[in-house]
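S.K.: Mind looking over this structure? Questions follow.
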Amino acid sequence: MYNIRGNKQSQGTGHRPPGEDSPLIGEPQREEQPSPPDPSAPGKGPADSLKPTLKSSLTANLIQKAKRQNNTFPLFAEGLTRNRTAQEKALALEQQVLMLTKELKSQKELVRILHKALEAAQQEKRASSAYLAAAEDKDRLELVRHKVRQIADLGRRVEALEQEREILTQTASLLEQQVQELQQHVQLLMEKNQAKQQVICMLSEKVTQDFLHPPNQPPEPSDAADRDFLSQQEKMEHLKDDIEAYRTQNHFLNSEIHQVTKIWRRVAEKEKALLMKCAYLQAKNCQVESKYLAGLRRLQEAVGNEASECSELLRQLIQEALQWEASDASADGVELSPISEYDEYGFLTVPNYEVEDLKLLAKIQALEVRSHHLLAHEAVERPLRDRWAALGELTPSVELKQLLRAGVSCEHRPRVWRWLVHLRVQHLQAPGRYQELLSRGQACKHPAARQIELDLNRTFPNNKHFTCPTSSFPDKLRRVLLAFSWQNPSIGYCQGLNRLAAIALLVLDEEESAFWCLVAIVETIMPADYYSKTLTASQVDQRVLQDLLSEKLPRLMAHLGQHRVDLSFITFNWFLVVFADSLISNILLQVWDAFLYEGTKVLFRYALAIFKYNEEEILRLQDSLEIYQYLRFFTKTICNSGKLRNIAFNDMNPFPMKQLQQLRTVHRERLEAELRELEQFKAEYLETRASLVPVVPEGCTSEDEGEA
Numbered sequence: 009m010y011n012i013r014g015n016k017q018s019q020g021t022g023h024r025p026p027g028e029d030s031p032l033i034g035e036p037q038r039e040e041q042p043s044p045p046d047p048s049a050p051g052k053g054p055a056d057s058l059k060p061t062l063k064s065s066l067t068a069n070l071i072q073k074a075k076r077q078n079n080t081f082p083l084f085a086e087g088l089t090r091n092r093t094a095q096e097k098a099l100a101l102e103q104q105v106l107m108l109t110k111e112l113k114s115q116k117e118l119v120r121i122l123h124k125a126l127e128a129a130q131q132e133k134r135a136s137s138a139y140l141a142a143a144e145d146k147d148r149l150e151l152v153r154h155k156v157r158q159i160a161d162l163g164r165r166v167e168a169l170e171q172e173r174e175i176l177t178q179t180a181s182l183l184e185q186q187v188q189e190l191q192q193h194v195q196l197l198m199e200k201n202q203a204k205q206q207v208i209c210m211l212s213e214k215v216t217q218d219f220l221h222p223p224n225q226p227p228e229p230s231d232a233a234d235r236d237f238l239s240q241q242e243k244m245e246h247l248k249d250d251i252e253a254y255r256t257q258n259h260f261l262n263s264e265i266h267q268v269t270k271i272w273r274r275v276a277e278k279e280k281a282l283l284m285k286c287a288y289l290q291a292k293n294c295q296v297e298s299k300y301l302a303g304l305r306r307l308q309e310a311v312g313n314e315a316s317e318c319s320e321l322l323r324q325l326i327q328e329a330l331q332w333e334a335s336d337a338s339a340d341g342v343e344l345s346p347i348s349e350y351d352e353y354g355f356l357t358v359p360n361y362e363v364e365d366l367k368l369l370a371k372i373q374a375l376e377v378r379s380h381h382l383l384a385h386e387a388v389e390r391p392l393r394d395r396w397a398a399l400g401e402l403t404p405s406v407e408l409k410q411l412l413r414a415g416v417s418c419e420h421r422p423r424v425w426r427w428l429v430h431l432r433v434q435h436l437q438a439p440g441r442y443q444e445l446l447s448r449g450q451a452c453k454h455p456a457a458r459q460i461e462l463d464l465n466r467t468f469p470n471n472k473h474f475t476c477p478t479s480s481f482p483d484k485l486r487r488v489l490l491a492f493s494w495q496n497p498s499i500g501y502c503q504g505l506n507r508l509a510a511i512a513l514l515v516l517d518e519e520e521s522a523f524w525c526l527v528a529i530v531e532t533i534m535p536a537d538y539y540s541k542t543l544t545a546s547q548v549d550q551r552v553l554q555d556l557l558s559e560k561l562p563r564l565m566a567h568l569g570q571h572r573v574d575l576s577f578i579t580f581n582w583f584l585v586v587f588a589d590s591l592i593s594n595i596l597l598q599v600w601d602a603f604l605y606e607g608t609k610v611l612f613r614y615a616l617a618i619f620k621y622n623e624e625e626i627l628r629l630q631d632s633l634e635i636y637q638y639l640r641f642f643t644k645t646i647c648n649s650g651k652l653r654n655i656a657f658n659d660m661n662p663f664p665m666k667q668l669q670q671l672r673t674v675h676r677e678r679l680e681a682e683l684r685e686l687e688q689f690k691a692e693y694l695e696t697r698a699s700l701v702p703v704v705p706e707g708c709t710s711e712d713e714g715e716a
């Protein structure tokens, strides 16, 4: 405002240096000069008529701008008064430069707008020229349609911009409301703050007045005030001394606590090392005892039933070994990770063999189980439990696949299995489906109910949850199997489903979760017709297993073929019940952990690994009867889960799924051809039998036929 007033005062006397405004006016004119129209276009388009108008308006606009600049901000030559300092002059010049820069920007913006208008006019001219140059009405109609489409497109864009503008307007109004609310809130806070400051000021003034002029208090004598001050100072000194003493005592106690903590940690580490050493020694002791008992068993097999002093001594040693328990060896010994009679899921930790000769084998197996448990407790189970605890939310990944192959800890297994089952049957699950199937079973008796009742008492006789009369698991299992028979009428019930459902019940402990686990196995994981009346897919998998055994273990298959041993008598049940009757419980559940995630490929891996694990033992047997007898129980002798898992997922590689699918396809075609041929033989036999006239020999007629 000061510069403007100065300019107005100096308008009469000031003059402008010549040629100073010409570059400012000439530069926009050079920038805004439009491009010449296309001389090849016929006729006089809108651009020709628009050109003089644009030039005249542009010239007039620039002249007005220049006049306004000259009137408002004249160049300071003689107009500045002499009493202004050099700093004010520089400030005025800077302001003038800023204003001119802004004006230049506005002129450039105007030039851009004019360029756009000129381009639009030229486009319209070209369109009109093309319309006039079109030879036929069809071409002109096409041009008109093109313009109509452009207009419609522009209309849609305008509508979209309008909607966007409305949305932005609403957003702006909401933001304005929020700003107003915040302003009101700030105003309230400021008022509160001001009120608090006023109260603080009033209280400060009151305290000051009370301190300077105490009300109704007689003035104390100077001696009494000095004595009181000295006593207070003495008390403060005593308190400082007490604080210093407490600080020194605190430092001492902290150092003592630190030393005691270090000693305690050192003792705890020594105790942990001693416990691990003790566990290792106990495991080694169990292994030595197991080898001793195995040696006694081999001597017993070598001696046989010969009546001699050696056989009598051998029988006595075996009897003592069966009666001896490790806990009785030392009454004051340390018991590490004791092995109870039943595991976490109610299975017997040591198999109860009915044959008297196999009791020594059961004792050997118990010692091996204890040895592996002691060695794996600290080295494997605890790190695995920590990894599962740190995993968090479950998502399909390579890390999860490796963890599932290593096995899930007991406390995390129900959660992991529920997630795996939901992953399989989420397209089949419906709220209230299980209760609906149960109510249907109560209203109408299923034909398979009788077979289910017969199989309930034969489910896991080595598990206390299914053998105890007061247990609720048999009733739960009955309801799950009946619900599944209504869920899948094409299967209804098949022997083996009771064991699958029982495993799911033991882990998940909920009927509905166990039911959906059974549905996931039968309807999504296993191939179709696996549990049908013909068991077609099960027979196909047995033939595929024979091919894989011949490929991976040729020496073993040659030995079994030499003695004419058919492995399908043993392995058929493995696949049907997913090893439920074959492996000990901790290895069985590890197989199920990987099986629920990866599918049937895990069954082939573990079947091959079991034979590889016991290959040398089988090769030593030279009689088919002995081989069959050994194959009946040899899976129960596997105790080292880490070794079996390493064989299944490392030694059996490569194991592509494509090869498995191809083998299944080939053997399914062969099996179906064999079944068709068998049906043809059956039909021919029945036809031949029906064509024959039954002939009754003389003297074989009954009395009734004779009377007739």
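No gaps in the numbering here: position 266 of the sequence shown is 274 in the working numbering, and each next residue is one more. A virtual CB, placed ideally from N, CA and C, is assigned to each residue, including glycine.
#1: Any contact between the segment 455 to 472 and the segment 551 to 566? By contact I mean 3 or more CB pairs, one from each, below 8 Å.
#2: Helix or strand or just coil, what does DSSP make of Tyr350?
#3: How would you label Gly163, buried or exposed, when you count the other beta carbons within 10 angstroms and need 16 or more for buried?
#4: Contact check, Phe612 vs Leu553 under 8 Å by CB: the rounded distance?
#5: By Cβ distance below 6 Å, which residues in the same chain neighbour Ala160 in space, the five residues on each side in sequence not counted?
#6: Quick one: measure Cβ to Cβ for Leu513 and Phe468, integer angstroms, because I've assumed they're closer than 8 Å.
#7: Starting from Asn471, follow its DSSP beta bridges and name the residues at the other end.
#8: The alpha helix (DSSP H) that contains Leu190, what's its start and end?
#9: With 16 as the cutoff for other CB atoms within 10 Å, does Tyr539 come out buried or exposed?
#10: Under 8 Å between the Cβ atoms of Asn657 and Arg423?
#11: If you draw a straight line from the alpha carbon of Ser263 to that of Tyr614, how long is it in whole angstroms?
#12: For the pair the segment 620 to 639 and the segment 593 to 607, tell me if three or more CB-CB distances fall below 8 Å.
#13: The alpha helix (DSSP H) spanning Pro391 covers which residue range?
#14: Is the beta carbon of Gly354 less than 8 Å from the beta carbon of Asn506?
#15: For my contact list, Val515 and Trp427 are in at a C-beta cut-off of 8 Å; report their separation, rounded to the angstrom.
#16: Please work out which residues of its chain come closer than 7 Å, Cβ to Cβ, to Glu352, disregarding the five sequence neighbours upstream and downstream, and give them in chain order.
#17: With H, G and I counted as helix, E and B as strand and the rest as coil, what does DSSP make of Arg466?
#18: If I'm right that Leu584 touches Gly504 with Cβ under 8 Å, what's the distance once you round it to whole angstroms?
#19: May I ask you to verify whether the segment 521 to 530 touches the segment 473 to 489, counting CB pairs closer than 8 Å and requiring at least 3?
#20: Looking at the unbroken alpha helix (DSSP H) that takes in Asn658, where does it start and where does it end?
#21: Do Val416 and Ala528 have their beta-carbon atoms positioned less than 8 Å apart in this structure?
#22: When you compare the CB positions of Leu411 and Arg432, do they come within less than 8 Å of one another, or not?
#23: Just to confirm, is the Cβ distance from Ala588 to Leu508 under 8 Å?
#24: Helix, strand or coil for Met665? Go by DSSP, reduced to three states.
#25: Using the Cα positions of Val215 and Glu102, report the straight-line distance between them to the nearest angstrom.
#26: Should Gln550 be labelled buried (16 or more other beta-carbon atoms within 10 Å of its own) or exposed?
#27: Relative to the alpha-carbon of Ile592, which residue among Leu307, Ser649, Ile251, Glu518 has its alpha-carbon at the smallest distance?
#28: Using the Cα positions of Tyr605 and Thr532, report the straight-line distance between them to the nearest angstrom.
#29: Would you mind working out which of His435, Leu652, Ser493, His420 sits nearest Gly449, comparing C-alpha positions?
#30: Using a threshold of 8 Å, state whether the C-beta atoms of Gln495 and Leu679 are closer than that.
#31: Any idea if Val610 is buried or exposed, counting beta-carbon neighbours within 10 angstroms, 16 or more meaning buried?
#32: Got a sec, what are the start and stop residues for the alpha helix (DSSP H) Leu508 sits in?
#33: Thr579: buried (16+ other C-beta within 10 angstroms of its C-beta) or exposed?
#34: Going straight from the alpha carbon of Asp5 to that of His571, what length do you get?
#35: From Lys133 to Ala100, what distance separates their C-alpha atoms?
M.R.: The relevant details are as follows:
#1: Counting Cβ pairs under 8 Å, fewer than three are found: no touch.
#2: Your numbering for residue 350 matches position 342 in the sequence shown. Three-state DSSP puts Tyr350 in a strand.
#3: Start at 1 with the first residue of the sequence shown, and residue 163 comes out as number 155. Per the 10 Å Cβ criterion, exposed.
#4: Residue mapping note: residue 612 aligns to position 604 of the sequence shown, counting from 1. Residue mapping note: residue 553 aligns to position 545 of the sequence shown, counting from 1. Distance from Phe612 to Leu553 at the Cβ level is roughly 6 Å; contact confirmed, criterion being Cβ atoms closer than 8 Å.
#5: As a working note, residue 160 is residue 152 in the sequence shown. Within the same chain, Ala160 has no close Cβ partners at all.
#6: Taking the sequence shown and counting its residues from 1, one reaches residue 513 at position 505. Taking the sequence shown and counting its residues from 1, one reaches residue 468 at position 460. Taking 8 Å as the upper bound for CB-CB distance, Leu513 and Phe468 are not in contact here, some 10 Å apart.
#7: Residue 471 sits at position 463 when you count from the first residue of the sequence shown. Within the DSSP secondary-structure output, Asn471 pairs in a beta bridge with Phe355.
#8: Walking along the sequence shown from the start, residue 190 turns up at place 182. Going by DSSP, Leu190 is part of the alpha helix (DSSP H) stretching over 145 to 220.
#9: Position 531 of the sequence shown holds residue 539. That one is buried.
#10: Counted from its first residue, the sequence shown places residue 657 at position 649. Counted from its first residue, the sequence shown places residue 423 at position 415. The amino acid occupying residue 657 in the given sequence is Phe; Asn does not appear at that position. Contact flag unset, no.
#11: Taking the first residue of the sequence shown as position 1, residue 263 is located at position 255. Taking the first residue of the sequence shown as position 1, residue 614 is located at position 606. So the alpha carbons of these two residues sit roughly 58 Å apart.
#12: The segment 620 to 639, when compared against the segment 593 to 607, does not touch it at the 8 Å Cβ threshold.
#13: As a position in the sequence shown, residue 391 is number 383, starting the count at 1. First-last of the alpha helix (DSSP H) with Pro391: 390 to 397.
#14: To locate residue 354, count along the sequence shown from 1; it is residue 346. To locate residue 506, count along the sequence shown from 1; it is residue 498. No, the Cβ-Cβ distance between Gly354 and Asn506 is not below 8 Å.
#15: By one-based count along the sequence shown, residue 515 stands at place 507. By one-based count along the sequence shown, residue 427 stands at place 419. For Val515 against Trp427, the beta-carbon gap comes to about 13 Å, at or over 8 Å, which does not count as contact.
#16: Locating residue 352 in the sequence shown gives position 344, where the first residue counts as 1. A distance below 7 Å between beta-carbons, with the five flanking residues on each side excluded, links Glu352 to the following residues of its chain, in chain order: Cys418.
#17: In the sequence shown, the residue the question calls residue 466 occupies position 458. It is coil, neither helix nor strand.
#18: Taking the sequence shown and counting its residues from 1, one reaches residue 584 at position 576. Taking the sequence shown and counting its residues from 1, one reaches residue 504 at position 496. That belief holds up - the Cβ atoms of Leu584 and Gly504 are roughly 4 Å apart, short of 8 Å.
#19: Counting Cβ pairs under 8 Å, three or more are found: they touch.
#20: Here residue 658 is taken as the residue at index 650 of the sequence shown, counted from 1. For Asn658, no alpha helix (DSSP H) run applies, since DSSP gives it neither H nor E.
#21: In the sequence shown, counting from the first residue as 1, residue 528 sits at position 520. In the sequence shown, counting from the first residue as 1, residue 416 sits at position 408. Going by C-beta atoms, Ala528 is not nearer than 8 Å to Val416.
#22: Within the sequence shown, numbered from 1, the residue matching residue 411 stands at position 403. Within the sequence shown, numbered from 1, the residue matching residue 432 stands at position 424. With contacts defined by Cβ atoms closer than 8 Å, Leu411 and Arg432 do not form a contacting pair.
#23: In the sequence shown, the residue the question calls residue 588 occupies position 580. In the sequence shown, the residue the question calls residue 508 occupies position 500. Judged by their CB atoms, Ala588 and Leu508 are nearer to each other than the 8 Å cut-off.
#24: As a first step, residue 665 is located in the sequence shown; it is residue number 657 there, counting from the start. Note: Met665 maps to helix in three-state DSSP.
#25: For the purposes of this step, residue 215 is taken as the residue at position 207 of the sequence shown. For the purposes of this step, residue 102 is taken as the residue at position 94 of the sequence shown. Taken atom to atom, the span from the alpha-carbon of Val215 to that of Glu102 is near 56 Å.
#26: Here residue 550 is taken as the residue at index 542 of the sequence shown, counted from 1. It is buried - the Cβ of Gln550 has at least 16 other Cβ atoms within 10 Å.
#27: Taking the sequence shown and counting its residues from 1, one reaches residue 592 at position 584. Residue Ser649 holds the alpha-carbon nearest to the alpha-carbon of Ile592 among Leu307, Ser649, Ile251, Glu518.
#28: If you number the sequence shown from 1, residue 605 lands on position 597. If you number the sequence shown from 1, residue 532 lands on position 524. Tyr605 and Thr532 have their C-alpha atoms roughly 11 Å apart.
#29: By 1-based counting over the sequence shown, the position of residue 449 is 441. When the alpha-carbon of Gly449 is set against those of His435, Leu652, Ser493, His420, the nearest one is in Ser493.
#30: Counting from 1 along the sequence shown, the entry for residue 495 is found at position 487. Counting from 1 along the sequence shown, the entry for residue 679 is found at position 671. Going by C-beta atoms, Gln495 is not nearer than 8 Å to Leu679.
#31: As a position in the sequence shown, residue 610 is number 602, starting the count at 1. The residue is buried, with at least 16 neighbouring Cβ atoms inside 10 Å.
#32: Numbered from 1 along the sequence shown, position 500 holds the residue referred to as residue 508. 505 to 516 is the extent of the alpha helix (DSSP H) around Leu508.
#33: Stepping through the sequence shown from its first residue, residue 579 is reached at position 571. Residue burial is scored here from C-beta neighbours: Thr579 has at least 16 other C-beta atoms within 10 angstroms and is therefore classed as buried.
#34: Missing from the structure shown is residue 5; the chain here goes from 9 to 716 and no further.
#35: Sequence index remark: in the sequence shown, residue 133 carries index 125 (1-based). Sequence index remark: in the sequence shown, residue 100 carries index 92 (1-based). Distance between the alpha carbons of Lys133 and Ala100: 49 Å.
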